[in-house]
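Notes for the one structure printed next.
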Amino acid sequence: MTVVAMVPLMGTLAMAVDFTEMSREKQAVSNALDAANFATARRLTEGATDDQLRAYALDFFNANLNKINP
């Protein structure tokens, strides 16, 4: 009886771990995007061009995603 119960329990545990990791990565992406937005807005007030802002935002976003490994 224990063996029969362990299969769904282990499956549920695996799904919970995957969901937790997915939620953590989603939050990390959201934080990186927020940081890039604020940093780019600061550069906007300094008079940067649109192309400079896009490049800066992308670089800033990618620099903050170093912990994410898809």
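Taking numbering that gives the first Met the number 0, I'd label the letters of the sequence shown as residues 0 to 69.
Each residue gets a CB set at the ideal place from its N, CA and C atoms; glycine is no exception.
Quick caveat, the model's predicted, so the values are computed rather than measured.
Quick one: is residue i buried, meaning 16 or more other Cβ sit within 10 Å of its Cβ, or exposed?
i   : result
T11 : exposed
T39 : buried
F37 : exposed
Check residue i in the structure and name its three-state DSSP category.
i   : result
L64 : coil
M0  : coil
G46 : coil
In whole angstroms, give me the CA-to-CA distance for residue i and residue j.
i   : j   : result
D17 : Q26 : 14 Å
D58 : M5  : 46 Å
Below 8 Å on the Cβ atoms is my contact criterion, and I expect residue i with residue j to pass it. Report the Cβ-Cβ distance as a whole number of Å.
i   : j   : result
R74 : L52 : Look at the range of the chain in this structure, 0 to 69, and you will see that residue 74 is not part of it.
A56 : A35 : 5 Å
Residue i: which of the options sits nearest, CA to CA?
i   : options      : result
A65 : V28, M21, P7 : At residue 65 the sequence reads Asn, which differs from the Ala that was named. Out of V28, M21, P7, V28 has the C-alpha closest to the C-alpha of N65.
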